[in-house]
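For the record, the sequence lines run as chains A and B. Under the numbering used here, think of the first position of the first sequence as 794, with each following residue one higher. Under the numbering used here, think of the first position of the second sequence as 3, with each following residue one higher. Backbone N, C-alpha and C define an ideal beta-carbon position, used for all residues, glycine too. Remember, predicted model here, so these are calculated numbers, not experimental data.
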Amino acid sequence: MQFTKRNYLFARGWKSAAPIILLLPGFILYLVIAVGPSMATAVYSFTDATGIRGIAINWVGFENYDEFLFRGAASRDNIAALTRTLYFCFFVTTIQFVLGLLLAVLLNSKLKGTTFFRTLFFMPVILGVAIQGLIWKLFLLPRGGPAAELFSLFGTTSEFLGGQPKQAFAWVIVVQIWSNVGITMVIFLAGMQTIPDYLYEAAKIDGANGWQLFRNVTWPLLTPAANTNFLLNIIGSLQAWQLFLVLIGYRPGTQVLGYLVFAEGFGQTSGSVMTAFRQGYAAAASIALFMLVLLIALSANFIVSRREKKYML
Amino acid sequence: MKRPIMWRLLTVLFALGLVAAACGNDDDAPAAPSVDDSSPATAEAADDSAAPAPEPEPTEAPPEDVTLRVLVHQNPPMVEFMESFNDSFEAANPHISIDMSVVEAGDLSISTQTRLSASDVDVIDIFGFANAAQPYMSDVTPPNWQTLIEAGLLMDLTGQPFVDLYDAPTIADAGSFNGRVYAINLGRVSYSGMFLNLDLFEATGVDVPTTWSELVAACDAFVAAGNSCMTAGGGDGWPIFVGAYGLLGAMYPDQAALVEGLWTGDITWDDEHSVEMFRRMQIYATEMLEDGVTGLSHDAAPSRFAAGDVAMMPTGVWQAPALDAAGVEFDWTYIPFPGSDNPEDNQYLFGKYDQGWAIAADTPHPEAALAYLAAFSEPSNYEAFANAVGFIPTQPTAALNTKLGAEVAPYLANYRVGFEQYWVQPTGAGQWANGSQAAAWFDPFNEWTDPVALAEQAQSDLQAGLDASS
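This is the structure:
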């Protein structure tokens, strides 16, 4: 069949507007629930908004940004939270990427029980953050918990989530990877299953061993899946904060930027003390987080795009 | 064939648009039924409601059905009492049904703000007003309750007859702003004492400690006998430093003066007296508390204490009902934390005004909401409530007829509002500036092992905020 302009569904006259009309509801929805709030956040970051109806909102210019980045010792803590966010992103992205790839390679082979293990590794993804946190809090109980018993076999003890900030932080990284590695694995698996068998057969005829098959066939052809995973892992880990809330709460030395935004926006709780809601300030912190995500995601996207062109063209 | 497809698509789209339009605007929807629709729920109406609600005329039509939305925080004995009270209130007021939501204490402020802003609640549970900005403070954000009042979201309860049932200082301290009453506070709690397992004290041959030195010696004796000295819900973080509020109070019995001194520079966290307090907080956190409390939740701590091999549990009196529920089989008492070597300094119980009731200013059912608070405040109901939850009563006619009531009675004359209720962090202060929480920053709960270094860091972080605020 030869395609001509007449064959197009929406070709001439008013019909050409049909795609726009059909897209309009979705576009409006996107504007209302995504673009609108994002722009409002940017505007709010220049105000002293509390989020409480009836309280006047005043324009404060760059005061929130000034306070967040430069004012007193709190700015030092904010910068530390920002640095911690980058550490979290680096470790989660790296380990989750490698582990997801490893699991996908193993579960893409013709071993017995692969379906069961695919389900098993993916299962944490469908659990809510609260459930994930509860499971790990019970597992990591320092007094009589399974992990403590395991540690005792090696003659050591740990306070796990309630102990030193660095230790607690490391355990949140572990839980974050556990809860999301299933997605990474599935994306890699989907990518692997699009690679034609004849490529492997041809390589084997040429004498390629297992590593060479992976290095020269699987890995290059996994480029789209790898790039997707890379970006998703980076963005997901930079925005992560719920697990920090559920697992360790608001403790000095453990906050990441996402949690800081939440705590400032909705009042940190300390016993029964409820601090003020500073949603204008939280919006400024949120914009700082957004800029960080944007910068890193754009850089990563630039790198992976180059790699995609190299392998896929 | 293309035209019919197009028309069908556009027809479906148009129909969806109509549905969305119909759902999107409820301005014309009928108002929810209310007890009295002639009483618009506005801030102005709230002012008018300062006068007692008029008795309905006998000839009036029967009142319309009303659903009163009540928000409370999770506290098992309190929720249990409220469910029972709601049943009896509904039985006495057949046209009013209660829709009570229960949220975690930590989520109460968020739920309160969002539901008040959305006009989605009638009666709210609100903690006693505290942390107000003082004249010696500068550049501080007002506390949340003040913002809610200034936004006109809380009803003015001034002049309501049930307000007079509560003692005047409580209403003034914990429920008033600018001379108007916005909340009735239902009870004081002490958070600075500790529960003692008296049977274990007797079995170990240890007397109840009255000074810090005696407490240290007692702990050594319990550990030497193979028991634990103290437990606390360290998994939640805050019970560790709240458990040391008695130590803070013993070292600084005038907590309001401590806050003022820290703001004005007359007291510093790294002066000799404060450093000694930090040293004791470290001993409490690292030596007195048993191993493994870093994973013990606040709710689970009473069960651990009830096991019988822990001598002391520093925490608030609100844990007394949980102790009963945990089936404690030994004799216990509750005493102030002996944090000072001067017994005179260890006689105070510090605490806070706990739960209270407020009404949304724009509730569509102001009469039903006021009737709910009036019924709750009836002396017999209130006394039952105070005894169920273990609050120190704020109605002068109520008595705490429980074991806890008997145990704390000798200290009630020395009850004081604690540091937590006075402290306001200077804007720009660092994360270590609130030294009252230092107990939770020592190993094993956090990274600090040197009390002098932590005291200096706390003062440095505080000073940075004071400098930035000045």
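For residue i, the nearest candidate out of the options (CA to CA)
i: E278/B; options: T233/B, V183/B, L264/B and M253/B; result: M253/B
i: V312/B; options: A205/B, E216/B, W359/B and G177/B; result: A205/B
i: I850/A; options: Q925/A, F883/A, T1011/A and T840/A; result: T840/A
i: A411/B; options: V191/B, Q284/B, A174/B and R117/B; result: V191/B
i: L298/B; options: F953/A, L1088/A, G906/A and R1100/A; result: F953/A
i: Q461/B; options: F243/B, Q433/B and E292/B; result: Q433/B
i: V965/A; options: Q1048/A, N1094/A and A810/A; result: Q1048/A
i: L895/A; options: S809/A, L934/A and V979/A; result: V979/A
i: M314/B; options: N199/B, P96/B, I112/B and P65/B; result: N199/B
i: H75/B; options: V125/B, S472/B and P316/B; result: V125/B
i: F1070/A; options: T1021/A, G1058/A and A1081/A; result: G1058/A
i: T843/A; options: I1089/A, E1101/A, A1075/A and L1082/A; result: A1075/A
i: G181/B; options: G189/B, G407/B, G161/B and A153/B; result: G161/B
i: F473/B; options: P340/B, N436/B and N344/B; result: An answer regarding residue 473/B cannot be provided, because it is not within the stretch 3 to 472 covered by chain B.
i: K354/B; options: H300/B, A470/B, G189/B and G294/B; result: G189/B
i: F1023/A; options: M985/A, A961/A and I1096/A; result: I1096/A
i: L456/B; options: E409/B, G437/B, F447/B and A390/B; result: G437/B
i: I1027/A; options: G1046/A, S1092/A and Q925/A; result: S1092/A
i: G248/B; options: T143/B, I173/B and P316/B; result: P316/B
i: Y417/B; options: D256/B, D127/B, V218/B and E292/B; result: D256/B
Three-way DSSP call (helix, strand, coil) for residue i in this model
i: T296/B; result: helix
i: W359/B; result: strand
i: A1056/A; result: helix
i: L1015/A; result: coil
i: Y991/A; result: helix
i: V1086/A; result: helix
i: V1097/A; result: helix
i: Y374/B; result: helix
i: A757/A; result: An answer regarding residue 757/A cannot be provided, because it is not within the stretch 794 to 1106 covered by chain A.
i: T44/B; result: Bear in mind that the predicted position of T44/B carries a pLDDT of just 36, short of 50, making it unreliable; the figure below should be weighed with that in mind. Reduced to three states, the DSSP call for T44/B is coil.
i: V105/B; result: strand
i: S178/B; result: strand
i: F393/B; result: coil
i: H367/B; result: coil
i: W271/B; result: coil
i: V244/B; result: helix
i: W852/A; result: strand
i: R783/A; result: Within the shown structure, residues of chain A are numbered from 794 to 1106, placing residue 783/A beyond reach of any answer.
i: R1044/A; result: coil
i: V898/A; result: helix
i: V74/B; result: strand
i: V68/B; result: strand
i: L904/A; result: coil
Buried versus exposed call for residue i [16 or more other C-beta atoms within 10 Å across all chains shown]
i: W1004/A; result: exposed
i: F890/A; result: buried
i: S951/A; result: buried
i: N403/B; result: exposed
i: F1/B; result: With chain B represented from 3 up to 472, any question about residue 1/B goes unanswered, as that position is not in the structure.
i: E331/B; result: exposed
i: R1044/A; result: buried
i: A810/A; result: exposed
i: S215/B; result: exposed
i: G524/B; result: The question about residue 524/B has no answer here: the residues shown for chain B are numbered 3 through 472.
i: E106/B; result: exposed
i: P368/B; result: buried
What beta strand (DSSP E) runs, 3 residues minimum, are completely inside the stretch 921 to 978 of chain A?
-> Contiguous beta strand (DSSP E) elements confined to the stretch 921 to 978 of chain A do not occur, taking only those with 3 or more residues.
Under 8 Å (Cβ pairs) to chain A, residues found in the stretch 176 to 190 of chain B | Taking 8 Å as the upper bound on Cβ-Cβ separation, chain A lies near no residue of the stretch 176 to 190 of chain B.
Output, in sequence order along the chain, the residues in the stretch 335 to 368 of chain B whose CB is closer than 8 Å to any CB in chain A.
-> Result list: K354 and D356.
The stretch 77 to 94 of chain B: which residues have C-beta closer than 9 Å to a C-beta of chain A, in chain order?
-> Result list empty, no residue passes.
Check each residue of the stretch 146 to 169 of chain B: if its Cβ is closer than 9 Å to any Cβ of chain A, include it; give the result in chain order.
-> Listed by position along the chain: N146, W147, Q148, T149, L150, E152, A153, G154 and L155.
Scan the stretch 417 to 457 of chain B and note each continuous alpha helix (DSSP H) run of 4 residues or more that stays entirely inside, going in chain order.
-> For the stretch 417 to 457 of chain B, whole alpha helix (DSSP H) runs of length 4 or above, ordered along the chain, are 421 to 424.
Against chain A: residues of the stretch 446 to 466 of chain B by CB proximity under 8 Å | Under the 8 Å Cβ criterion, the stretch 446 to 466 of chain B contributes P446, F447, N448, E449, S462, D463 and A466.
Inside the stretch 88 to 146 of chain B only - beta strand (DSSP E) runs reaching at least 3 residues | Note on the stretch 88 to 146 of chain B: whole beta strand (DSSP E) runs with a minimum of 3 residues are 98 to 105 and 125 to 129, in chain order.
Runs of beta strand (DSSP E) wholly within the stretch 293 to 356 of chain B (minimum 3 residues, chain order) = Contiguous beta strand (DSSP E) elements confined to the stretch 293 to 356 of chain B occur at 312 to 316, 334 to 338 and 351 to 355, taking only those with 3 or more residues.
Where are the alpha helix (DSSP H) runs, 4 residues long or more, that stay fully inside the stretch 143 to 220 of chain B, in chain order?
-> If only uninterrupted alpha helix (DSSP H) runs of at least 4 residues are considered, those enclosed by the stretch 143 to 220 of chain B are 146 to 152, 170 to 176 and 200 to 206.
Starting from the N-terminal side, write out each stretch of the beta strand (DSSP E) that is 3 residues or longer and does not extend beyond the stretch 869 to 894 of chain A.
-> Within the stretch 869 to 894 of chain A, no complete beta strand (DSSP E) run reaches 3 residues.
Contact set between the stretch 907 to 920 of chain A and chain B, restricted to residues whose Cβ is under 7 Å from the partner | Of all residues in the stretch 907 to 920 of chain A, none comes within less than 7 Å of chain B when Cβ atoms are compared.
Residue ranges of each beta strand (DSSP E) run of no fewer than 3 residues wholly in the stretch 822 to 847 of chain A, ordered along the chain?
-> With a minimum length of 3 residues, no continuous beta strand (DSSP E) run stays inside the stretch 822 to 847 of chain A.
Residues in the stretch 870 to 882 of chain A with C-beta within 7 Å of chain B's C-beta atoms, listed in sequence order?
-> Of all residues in the stretch 870 to 882 of chain A, D870 have a Cβ within less than 7 Å of some Cβ in chain B.
In the stretch 399 to 414 of chain B, which residues sit with their C-beta less than 8 Å from some C-beta in chain A, listed in chain order?
-> Of all residues in the stretch 399 to 414 of chain B, none has a Cβ within less than 8 Å of some Cβ in chain A.
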